[in-house]
Each structure stands twice: as C-alpha cells, then as structure tokens.
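Enquirer:
Residue numbers (the working numbering), protein chains in the order written: chain C, 1 to 330; chain Z, 1 to 322.
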C-alpha cells in the first residue's frame, strides 16, 4: 500500500484500537484499572470501550494498585487474559510486591505449572510538568526481574502492534507507553497485527555510528541524526522496541558496521539500561569498537517541576548530537 | 446450615490427622538437617484448614501463606510430592524450584504458599473474578494471619471483593502472633473480624480449635459466596504449637511455656476426636488406626523423597518464561 493511502492515527488512538482488538479477539480478555471505564482512561487511551464491551470487561477499580495487579495475577493464573492499567509507572511503588514477587515469579516458583498471560499498560516519561512522582522512566526496575517481558512502543504503529502481541503472549508483559507521544501521528493499519516482542527495528541506516534507543527518545535520536547528517555524519538509529528480551543481535550487527555506539534513554543514566547495553556490546563486540560506548540519559536527580529545570533535565536531540560528536571526535 | 454426615466428619478428622502427622515428621526431618531452608509448620491450626477445605472442590481456588503445608494437604496434596518438594527434589510439586514457602498445585486449585505476608488476598480476588467472569459458582478462599491483616494488600483486596461482590472467603488464622510479636502489640483490636464492617462484608469470629465450628462458619460463608452475595471475613482464633519457623527453632522467649500448655489442652484433634467419640462416629481404636495408617503414608512419602533425584542443573532456567 502506498504511503499516501495509509490511514494515520495518534498514539493514543492506536492504544485504544489495540485494546479494542484484544477485547474483540479474546473472550477471556478484560481491562481493569483506575478510571479505564467511565472516564475512558485519564489519557483517553480506553475511550469508548466501556460502552462497547460493558462493565464486566472494562472494569473501573478503586485506587488500589496492589489490589489491581493482584487481580491481574489471580485472574491470569486461573485462565483469563487480563489487561491491567497502571496509570503512571511511578505508581509501581504501590504494587511492586505483586509485580516482582508474585507476577514475575509464580510460574518459576511453581515449577512451570502456572501460566500468567497478563498485560500491564503503563505510562512513562517527563515533559508535562508533572514533577517527580508522575514523570519517571522506571523500565529498568522491570527489566531486572526474570519472568517479565517489557516493551516500549515509540510510534502509533508499535503501540497497537506491541499491545496486541503482549496480550497474546503467555507471559506477563509490560507495555510501557509514553505520555508525551500520545498526540503523535503515524500510519496504523486497521486490521489486527502484531509487532513481535524481542525484535528491534532499524529506523535509520547509517555508517558512522549507531544510536541505540527506545520509546520517545527514538524521535529525538532521529532529529539528532538529521542534524548530524548536515555535517556529513550518518547515524544508524535502532529502536529496541522490546527491552526484555532485548534484541542484541541487531545491535551487534550494527556496531560491527559503524564501530561506534551511543545508547540513549530518558531514564536516569546511572543504573539505567544503557549500562547493560554498553556492557553487552563490549562483551560481544569489543574488537569492533573504535571508541568506548557512550550513554545519554537523565542526570542523577528526581524529575523537576519547573519547565526550565525539566527541559534541562530531559535528554533531547541536542544532547544526543553533542554526545555523538564527542564520540566520533568531530 | 447442613448438618455434616458421618462421612464428612470422618473426612475432616482425617484431613487434620494428615496435616498433624505430615508436619510433625517434617519438623523432625528439618531438625535432622534433611530439609533445607525455612519451614513454617501448621501444627495446632489443623481445624481451620480441614474445616474450610472439606467444602471445596479442585475447581475452587485457595491462596495460602508461608505456613502453607496444611492448606495444601487439606486441599488434597499428596505426601510423596510434598516431601519431595521440601527436600528440594525433582519429583516435588514445584520440581524443587519452590520449596516449603512456595509449594503449590494448580490442579488442586492451590495457588501457592507465599513467602510474602499478605500477598495472597489480592490474588484470591483475581481468582474469584475469574470464576465470576466465567459465570461458575466456584469460590476463592484466601488464608492469612493476624499479622497479614495489617498489610495494605489485605485492605485493598477486602475492599475490591466487597465492591464487586466477588465469591471470596477471607479466612484469618489468628494465631495470636505476627511472627514473634503478640497481637496486642501489633494491632489495637482484639477481633480482626471487626475490620469486615469497614468494607461492607460480614465478619465472623469462630473458635479455630473447634473443627465443627469452623466447618459451620465456613459453610455459611461459602454458601453466601456461591449465591453471589459476596465475601465474608471469617476469623478463626487458633494457635501455633511450634515456633514461627521450625519446631522450636530459635530459642526465643516471646511466649511462655504455660501459654503453650494452655492452648495444647485445646488441641483441635483431641477436641474433635472426643466429639466424634461422643457422637459414636469414631472409636478410640479407630482413631488410633487412622493415625497409624497416615503415619505409614507419611513415612512412605519421606522415603519417596529421599529416593528421588535432585533436579538436573540443566533445568535451572526452565520455566522462567512460558
């Protein structure tokens, strides 16, 4: 299909369409979370679903994150396929036991007799002046827990496709959406489709360095690559899409070509996934590297409120350009 | 209220004896160094598990606690695979991956013992949501202690179960201690069941050493749940005859021998056997024969475990993911 004929949706409408597809295709699927029904989700990401599917399948819950995640664990273990909404991923602090000690481990602890096909949808990221408790990017917490899968869609296409893939997976999958991306538009097919979990996407080809990133930082990295190209530096940009499992094959293949790598994420740099990725690159492709792997991430600080401070805090295209130039000695 | 038939009474009795015998021998095995890790024994609390579980089928779900062997045995757990799990063998219910604190059997509707105090109630709410979603009359029973009744997870689960009128029975095994801290030092109430009214569900207190009382109260709560009228909080006053961990593991002086002796006078199995003798359902000789029969089965279970292979190290990463 030609580009011009492709239908465009916003990221948030792509989430709605993904969620609707899940409810249409899977009788055992339901959505539960705070304000997902009557309010259609505080981000609008479940708009219209209560009317279409009714309160048995689009379940408004009390503000009780531990109870909500426990509901998902118990329902999944007993044969349903819950989609659980945790409005802001910052709220994981309220339900981390059910995530870390129950959901992630039940199958293993039970010697393989349990199956936990639960999808968790949550929102990450700053940029909306929501300050320290509604702006974090805490995906590294999740990726550190064996038993969980974690995906982070950067586009409307991926938001729908990864959400559907998550719901069909027999494991707990966190789909970490981004709240600054909600109004972004992109091509989204009307039919049901999956974006496979565990496969990265090379979104820009280049010869001079590899930028490895995910979620909202994909668009910032593409802007950075455009700026670098004006100076004759061609960056390859990899959208990881899936953070656990992580497609290191695609990363290594690219680094073998470019010999330089910078990892970019919005999360705090210290202890973020960038450290893991950099470490794996040097383990797997040390001989390919012409320079140490570098990282762009947020500084070691809570997310600030004031717009000036928040913009100083967040990684962006300019910071990625600066790091990339330093990396290639330009 | 249905009056239990002789068969049901004998069934309750046998479940209690099975728990007591298994746990006593498991304690011996632990002291002999044959069971690694932590062992939280259920001795003294048998009337609760037996009095509740006799109402349930394999399609009804339960969540359990760190003190979970009794729940699994009362739900139909087999000694050989249970001991094998406690011994860390490949033939255990969890293939040696879970041990005492995570012992489970999905086929029996047992969603696991749990090493995290208070983690079970939200999971039971999910299981009950499942049975209601499928329009079955199955229920979910969540066992937890007085200590767990102070965890936020219990309160969130109680509120949600009542809000959605889910078929959950919250069974509080109030054994008077949250680990080593007496109830009076961890909560300002005497009856955990008082908390039920705050969530809009009935709260019932029963003598947890009296299997008949537990049976009757559980019957009413489960009937109510199956009828679609929502959850009940059933508090069973009970006592653990062994320590928090192990038999008399840590030599702590958090409770007196006199207190223990007072509770042991109301040993739930002795009380129930006296009751059954009164009713002419079980003679002394028959009771002795049942204890011996169960002990032989326990010993066979231990033998099975001892002869079972340890897990192949190659299975280390199996079942992290489906």
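A virtual CB, placed ideally from N, CA and C, is assigned to each residue, including glycine.
1) Under 8 Å between beta-carbons, which chain Z residues line up against residue 109/C? List them in chain order, please.
2) Along the chain, where does the beta strand (DSSP E) containing residue 174/Z start, and where does it finish?
3) Pairing CB atoms from the segment 119-126 of chain Z with CB atoms from the segment 136-156 of chain C, are three or more of them under 8 Å?
4) Would you identify the three-state DSSP class for residue 331/C, choosing helix, strand or coil?
5) Using a Cβ-Cβ cutoff of 9 Å, what residues of the segment 37-67 of chain Z are near chain C? List them in chain order.
6) Measuring alpha carbon to alpha carbon, tell me which of 53/Z, 25/Z, 54/Z and 51/Z ends up nearest residue 40/Z.
7) Closer than 7 Å, Cβ to any Cβ of chain C: which residues of the segment 149-164 of chain Z, in chain order?
8) Using 8 Å as the Cβ pair cut-off and three pairs as the minimum, do the segment 223-237 of chain Z and the segment 194-202 of chain Z touch?
9) What in chain C is Cβ-close to residue 130/Z, meaning under 8 Å?
10) Which same chain residues end up closer than 8 Å to residue 29/C when comparing Cβ atoms and leaving out the 5 residues on each side of it in sequence?
11) Any C-beta of chain C sitting closer than 8 Å to the C-beta of residue 309/Z?
12) Could you pull the DSSP bridge partners for residue 10/C from this structure?
13) DSSP state of residue 102/C, grouped into three classes?
14) Anything in the segment 197-213 of chain C with a Cβ closer than 7 Å to a Cβ of chain Z? List those residues in chain order, please.
15) With residue 328/C as the anchor, note down where its beta strand (DSSP E) starts and where it stops.
16) Among 20/Z, 9/Z and 8/Z, which residue has its Cα nearest to the Cα of residue 292/Z?
17) Does the distance from the C-beta atom of residue 176/C to that of residue 89/C stay below 8 Å?
18) Going by C-alpha distance, which of 97/C, 209/C, 121/C and 135/C is nearest residue 232/C?
19) Classify residue 7/C: buried if its beta carbon has 16 or more other beta carbons within 10 angstroms, exposed otherwise.
20) If you count every other CB in all the chains shown that lies within 10 Å of the CB of residue 327/C, and 16 or more means buried, which is it?
21) Under 8 Å Cβ-Cβ, which residues of chain Z neighbour residue 115/C?
22) What are the boundary residues of the alpha helix (DSSP H) that includes residue 71/Z?
23) For residue 239/Z, which of 275/Z, 93/Z, 77/Z and 180/Z has the nearest alpha-carbon?
24) Taking 8 Å as the limit between beta carbons, can you name the residues of its chain near residue 162/Z, skipping five residues before and five after?
25) Residue 266/C by DSSP, collapsed to three states: which one?
26) Identify the contact partners of residue 30/C in chain Z, using a Cβ-Cβ distance below 9 Å as the criterion.
27) DSSP has residue 61/Z in a bridge; who is on the other side?
28) Measure the C-alpha to C-alpha separation of residue 149/Z and residue 143/Z and round it to an integer number of angstroms.
29) Just to confirm before moving on: does the CB-CB distance between residue 167/Z and residue 128/Z stay below 8 Å?
30) List the whole-angstrom C-beta distance separating residue 62/C from residue 160/Z, where the pair is believed to meet the contact cut-off of C-beta under 8 Å.
31) Within 10 angstroms of the Cβ of residue 156/C, are there 16 or more other Cβ atoms? Answer buried if so, exposed if not.
32) Shorter than 8 Å from the beta carbon of residue 125/Z to some beta carbon of chain C?
33) Check the Cβ of residue 318/Z against every Cβ in chain B and list those closer than 8 Å, keeping chain order.
34) Compare the C-beta of residue 89/C against all C-beta atoms of chain Z and say whether one is closer than 8 Å.
35) Mapping DSSP to helix, strand and coil, what is residue 192/Z?
36) Cβ of residue 27/Z within 8 Å of Cβ of residue 45/Z?
Expert: To lay it out plainly:
1) 94, 97, 98, 102, 104 and 112
2) 168-174
3) no
4) Because chain C is modelled from 1 through 330, residue 331/C falls outside the range shown and cannot be assessed.
5) 61 and 63
6) 25/Z
7) 152, 153, 156, 157, 159, 160 and 163
8) yes
9) 74, 75, 78, 79 and 80
10) Contacts found: 22, 23, 57, 80, 81, 82, 83 and 167.
11) no
12) 185/C
13) Residue state for residue 102/C is assigned as helix, using DSSP reduced to three classes.
14) Listed in sequence order: no entries.
15) Here residue 328/C belongs to no beta strand (DSSP E); instead the alpha helix (DSSP H) covers 317-328.
16) 20/Z
17) Here residue 176/C is near residue 89/C, since their CB atoms are less than 8 Å apart.
18) 209/C
19) exposed
20) buried
21) Those are 322, listed as they occur along chain Z.
22) Secondary structure note for residue 71/Z: its alpha helix (DSSP H) is the uninterrupted segment 69-74.
23) Of 275/Z, 93/Z, 77/Z and 180/Z, the smallest CA-CA separation from residue 239/Z is found for 180/Z.
24) 199, 200, 201, 230 and 231
25) Correct three-state label for residue 266/C: strand.
26) Those are 129 and 133, listed as they occur along chain Z.
27) 140/Z
28) 11 Å
29) Taking a C-beta distance under 8 Å as the contact criterion, residue 167/Z and residue 128/Z qualify as a contact pair.
30) 6 Å
31) buried
32) yes
33) Among the protein chains of the structure shown, namely C and Z, there is no chain B.
34) no
35) In the three-state scheme derived from DSSP, where H, G and I count as helix and E and B as strand, residue 192/Z is classed as helix.
36) For residue 27/Z and residue 45/Z, no; Cβs fall outside 8 Å.
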